[in-house]
Amino acid sequence: MTTALPHDAYIKAVTDALSLDRLTPTEYWTSDGETKGQYCHLNAVITLDPSGTYELDDEDVPTGTPWRHGLLLSWEWHTGAEEGWPEKGPFWEFAELKADGSCQYAPVTLPVHGYASPAAVVEAARKVINREIKASPFTVGGLDWDGGIIGDSWGHADELDAACEAWGVDERNS
């Protein structure tokens, strides 16, 4: 039996919004952290195929095709339970994928709210795909973008935050 996680409905709303904007995910999943009771986190991964080459063999993808192996969007929520771990709360990241499914570069923070509206995630993903937002090893934080935070928060952000907090308390006590 699969247990529902606090962020399942949120990630489903994001994937639905991406699909409506013709950025249908090739894959997505949600999970909870693997270090129960010590350092807990929730996460989700969404894989997009902006180039439309997902089902092609690698040798059939024309050289120079942008996003030839896909775009990874990830969302994480952390309890912030231990020093040195990420701060408490949610954040979005993105990375370009390589042929083997690993990331071309370390995931970079997507400039949206942690509980961004699905429309904001779609807008930010479009800006990444169009290279308006890009990863850069030469800028602070690895992000080449000066347009500020994109969009607003999800209409159910308060309920999601409360559910994530309750999950974190339960996990620390298990």
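Mapping to my numbering: the sequence shown position 146 is 146, numbers consecutive. By construction, the Cβ of each residue, glycine as well, lies at the ideal position given by its N, Cα and C atoms. Remember, predicted model here, so these are calculated numbers, not experimental data.
Return yes when at least one heavy atom of the ligand HEM lies under 7 angstroms from the C-beta of residue i, else no.
i      : result
Asp-16 : For the structure depicted, the ligand HEM is absent and the ligand set is empty, with no information on it obtainable.
Which residue comes first and which comes last in the alpha helix (DSSP H) that contains residue i?
i       : result
Asp-16  : 8-20
Trp-154 : First-last for Trp-154: undefined, no H or E at that position.
Gly-129 : Correcting the residue type first, residue 129 is Ile in the shown sequence and not Gly. First-last of the alpha helix (DSSP H) with Ile-129: 118-129.
Take residue i and list the residues in its own chain whose beta-carbon comes closer than 8 angstroms to its own, dropping the five residues that flank it on each side.
i       : result
Pro-50  : Leu-23, Pro-66, Trp-67, Gly-70, Leu-71, Ile-129
Val-121 : Val-14, Ala-17, Leu-18, Leu-73, Trp-92, Leu-110, Val-112, Gly-151
For the beta strand (DSSP E) containing residue i, list its first residue and its last residue.
i      : result
Ala-95 : 89-96
Asp-32 : 27-32
Is the distance from the Cβ of residue i to the Cβ of residue j below 8 angstroms?
i       : j       : result
Ala-157 : Tyr-115 : yes
Ser-117 : Trp-154 : yes
Leu-48  : Pro-25  : yes
Cys-164 : Pro-62  : no
Ala-135 : Val-108 : yes
Trp-167 : Leu-20  : no
Ala-44  : Trp-75  : yes
Where DSSP assigns a beta bridge to residue i, which residues make up the other side?
i       : result
Trp-145 : Its beta-bridge partners do not exist; DSSP assigns none.
Glu-76  : Asn-43, Phe-91
Leu-48  : Leu-71
Cys-103 : Leu-97
Thr-3   : DSSP lists no partner for Thr-3.
Thr-65  : Partner(s): none; Thr-65 has no beta bridge.
Thr-109 : Glu-93
Ala-135 : Leu-143
For residue i, count the other beta carbons within 10 Å of its own beta carbon; 16 or more makes it buried, fewer makes it exposed. Which is it?
i       : result
Trp-29  : exposed
Gly-52  : exposed
Glu-59  : exposed
Glu-132 : exposed
Ile-11  : buried
Val-169 : exposed
Phe-138 : exposed
Ala-4   : exposed
Which residues in the same chain have their Cβ closer than 7 angstroms to the Cβ of residue i, if we skip the five residues on either side of it in sequence?
i       : result
Asp-161 : Tyr-115
Glu-123 : Ile-150, Gly-151
Trp-145 : Pro-111, Ile-133
Residues in its own chain within less than 6 angstroms of residue i by CB, not counting five upstream and five downstream?
i      : result
Gly-80 : Glu-87, Lys-88
Leu-97 : His-69, Gly-70, Leu-72
Met-1  : At Met-1 the pLDDT is 40, less than 50, meaning the model places this residue with poor confidence and gives no usable figure here.
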